[in-house]
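> In the numbering used here, the protein residues as written are -13 to 57. First the structure, which I've put down as structure tokens, then a few questions once you've had a look.
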């Protein structure tokens, strides 16, 4: 996710979380206001191509890193 600064990033994350929570809750007939996301998020600025590639790999294989959570 590209952002110009921390404030811009926070706003974009807020919108993504809000829209996805709304749609998920509606599709699953959950009560309005049901929580889907954690309140906060961590971020790391990617500054090199290697770091970008490693981050993409991590995201692509994240579910296999935490398989015990999904069983």
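Positions of the beta carbon are idealized from the N, C-alpha and C atoms, including for glycine. Predicted model, so just to flag it, every value in this text is computed and none were measured.
1. Taking DSSP as the reference, what is the three-state secondary structure of residue 25?
2. In three-state terms, what does DSSP make of residue 39?
3. Over the uninterrupted alpha helix (DSSP H) stretch that includes residue -1, give me the two end residues.
4. Beta carbon of residue 9, beta carbon of residue 18: below 8 angstroms?
5. Tell me the DSSP secondary structure of residue 32 in three-state form.
Here's the rundown:
1. coil
2. helix
3. -8 to 13
4. no
5. coil
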